[in-house]
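Each number in the working numbering comes from the position in the sequence shown (counting from 1) with 1030 added on. All residues carry an ideal CB built from backbone N, CA and C; glycine is no exception. Structure record follows, encoded as structure tokens.
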Amino acid sequence: GTTLNGAVRRQVSSPITLNYCYIHDNAGNGVVGGTASTGLILYKCIIANNGGRGVYLNQTTNTGAVSLIDCILYKNATAGYESDQNSGISTVTLVNTIIYGGTDGVNLANAANSGLGWQMVRNNAFGGQSGAARVNFNIAPNDITLSADPFIDGANGDFRLNNTAGGGALLRAAGFPSIFPGGFSASYPAVGATQPQSSGGGQTSSATAYEPRPTMREKLID
């Protein structure tokens, strides 16, 4: 694409909600919240290889909440997620999201947002930034530091997790939730939008092999 301001740009106050999207290779930003009260809700989205920010709240007075769950922000030129808000506190949900490459991972203009206003922030992966993984943004529970690209071929759109040590191998079965409060269920999600294939279980039989008893005719023939 050739979009400069944003492949997806919201100009009214209601939130942007994007599910299962792939926004890539635009000349400028991927997703832009264009008004002071725009919120962003992204679920299982891949925002990759854009010439600006991956996700950008560009208003200094923005009060919209941000939610990025099971997303991939990959090698966007400046920042994976950036907010220019310089006053007030926005609520942030950032869970199971991979932010790899670019200048910065998460860049918040307002230092007051470093850890305040978090709805839930945990089990995210950062790596490959030429600047800082976090600017005015605290390390959260179960965050993962990547020392290698976690994808098979992200430059060409293959965002399956690789098995590289320090890369995709760190993200398998490392997502949230792994257990459910008050329940007995366990889960093993990977971090990010794509999930590795589980091995299929083979079928077994409890039947016992036996030799059939001979019939009367068979006995007479013998």
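Leaving aside the five residues that flank Pro1219 on each side, the residues in its chain whose CB is nearer than 6 Å to its CB run, in chain order, Gly1205. Counting only the Cα atoms, Lys1105 lies some 6 Å from Ala1078.
Gln1115: not part of any beta strand (DSSP E); DSSP gives it neither H nor E. The C-beta of Thr1175 has fewer than 16 other C-beta atoms within 10 Å across all chains shown, which makes the residue exposed.
Put simply, the segment 1160-1173 does not touch the segment 1182-1194. Fewer than three CB pairs are less than 8 Å apart.
Between the C-alpha atoms of Tyr1130 and Ala1107 there is a straight-line separation of about 11 Å.
Secondary structure of Gly1184 (DSSP, three-state): helix.
For Thr1047, the closest of Pro1207, Asn1168, Asn1088 and Lys1074 by C-alpha to C-alpha distance is Lys1074.
Between the beta-carbon of Val1221 and that of Ile1128 there is about 6 Å, and that keeps the pair under the 8 Å contact cut. Taking C-alpha positions only, Leu1124 is separated from Ala1216 by approximately 21 Å. Proximity to Ile1169 across Leu1070, Ile1102 and Gly1157 peaks at Gly1157, based on C-alpha coordinates. In this chain, the beta strand (DSSP E) harbouring Thr1047 covers Ile1046 to Asn1049. Straight through space, the alpha carbons of Asn1137 and Thr1093 are spaced by roughly 16 Å. The beta carbon of Met1150 sits closer than 7 Å to those of Thr1123 and Val1125, all from its chain and outside the five residues before and after it, given in chain order. The residue among Asn1153, Ala1155 and Thr1121 with its C-alpha nearest the C-alpha of Ser1144 is Thr1121. In the structure shown, the three-state DSSP call for Asn1143 is helix. Between the alpha carbons of Gln1089 and Ala1139 lies a distance of about 11 Å. Excluding residues up to 5 positions away in sequence, Val1122 lie with their Cβ nearer than 6 Å to the Cβ of Trp1148 in the same chain. For Pro1171, same chain residues with a beta-carbon under 7 Å away, outside a window of 5 residues either side, are Arg1152 in chain order. Boundaries for Ala1162: no beta strand (DSSP E) harbours it, and the DSSP string shows neither H nor E there. One Cα belongs to Ser1177, the other to Val1096, and the distance between them is close to 27 Å. Inter-residue distance for Gly1196 and Asn1154 is about 14 Å (C-alpha atoms, whole angstroms).
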